[in-house]
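Engineer: This is the structure, below, for whatever I ask next.
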C-alpha cells in the first residue's frame, strides 16, 4: 500500500506555510511566584490540507531534562491580517488567543491576546495570556506573558527556536 501524500497547504493558511516543520531551541522562564529557570523546547507546526495548522509544543528543564509543559492545538488564519490560536494545556487550561498577523519577505509576526481561558477545577488560576511569535531568517523568537494566581499580565517566557 502506498504512503498517503501530504496535501498542499490550504490557501487560507498559505501565508503561515513558513512555520511548517519542527523547531527546537531554548528559553528562559520567570514569574514572581517561582524561581527563574532555563528550558529546552520543541514546537511542531503541521497541516492536513484544511484551513488551519496543527500545533504541538513540549518543554523540558534545561538542567535535568525533566518534562515541564505540553500544549497542543490549532493555528487559524480567518483573514489575511488576522490569526487565532486555540490551545489545550496538559495542566487543565484551554486558551483561545486572537490577534494580528504581519507578513513580510521571509518574515511573519503574530501578536496574540487571550479572548477566552478555560480552567479545570484543578488548574492554577490563569486570567490572561499574551503571545508574540516572530519568524525571521530561519528562527522563531517568541515571548509569552501571563496573568495568573492573582497577578496582572507580565513577562513569563522568552525563547529562540531553529527549524530542524
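Residue numbers (my numbering): 141 to 304.
Beta carbons: idealized from backbone N, C-alpha and C, even for Gly.
#1: Assess, as a yes-or-no matter, whether the region 293 to 301 is touched by the region 275 to 283 under the definition of 3 or more beta carbon pairs within less than 8 angstroms.
#2: Helix, strand or coil: which one does DSSP assign to residue 159?
#3: In chain order, what residues of the same chain have a beta carbon less than 6 angstroms from the beta carbon of residue 221, not counting five sequence neighbours either side?
#4: Using CA atoms only, rank isn't needed, just tell me which of 210, 154, 186, 293 is closest to residue 180.
#5: For residue 230, does the three-state DSSP call read helix, strand or coil?
#6: Just the Cα atoms here: how many angstroms apart are residue 232 and residue 199?
#7: Ignore the nearest five residues each way along the sequence and tell me which others in residue 218's own chain have a CB closer than 7 angstroms to its CB.
#8: Quick check: what's the CA-CA separation for residue 302 versus residue 195?
#9: Run through DSSP, which three-state label would residue 219 get?
#10: Select from 168, 237, 216, 274 the residue whose C-alpha is nearest the C-alpha of residue 201.
#11: Quick check: what's the CA-CA separation for residue 197 versus residue 166?
#12: What's the gap between the Cα of residue 288 and the Cα of residue 156?
Structural biologist: Straight from the coordinates:
#1: yes
#2: Taking the chain shown and counting its residues from 1, the one referred to as residue 159 is at position 19. Of the three classes helix, strand and coil, the one that applies to residue 159 here is helix, per DSSP.
#3: To locate residue 221, count along the chain shown from 1; it is residue 81. Only 241 meet the Cβ criterion.
#4: Looking up residue 180 in the chain shown gives position 40. That would be 210, whose Cα lies nearest to the Cα of residue 180.
#5: As a first step, residue 230 must be located in the chain shown, where it is residue number 90. If DSSP states are grouped into helix, strand and coil, residue 230 belongs with coil.
#6: By 1-based counting over the chain shown, the position of residue 232 is 92. By 1-based counting over the chain shown, the position of residue 199 is 59. Residue 232 and residue 199: Cα-Cα distance of roughly 16 angstroms.
#7: Numbered from 1 along the chain shown, position 78 holds the residue referred to as residue 218. Correct list, in chain order: 224.
#8: Translated into the one-based positions of the chain shown, residue 302 becomes position 162. Translated into the one-based positions of the chain shown, residue 195 becomes position 55. Whole-angstrom Cα-Cα distance: 16 angstroms.
#9: Position 79 of the chain shown, counted from the start, is the residue given in the question as residue 219. Strand.
#10: As a first step, residue 201 must be located in the chain shown, where it is residue number 61. If we check each option's Cα against that of residue 201, 168 comes out closest.
#11: Locating residue 197 in the chain shown gives position 57, counting from the first residue. Locating residue 166 in the chain shown gives position 26, counting from the first residue. So the alpha carbons of these two residues sit roughly 13 angstroms apart.
#12: Against the chain shown, residue 288 aligns to sequence position 148. Against the chain shown, residue 156 aligns to sequence position 16. Taking the straight line joining both Cα atoms gives about 30 angstroms.
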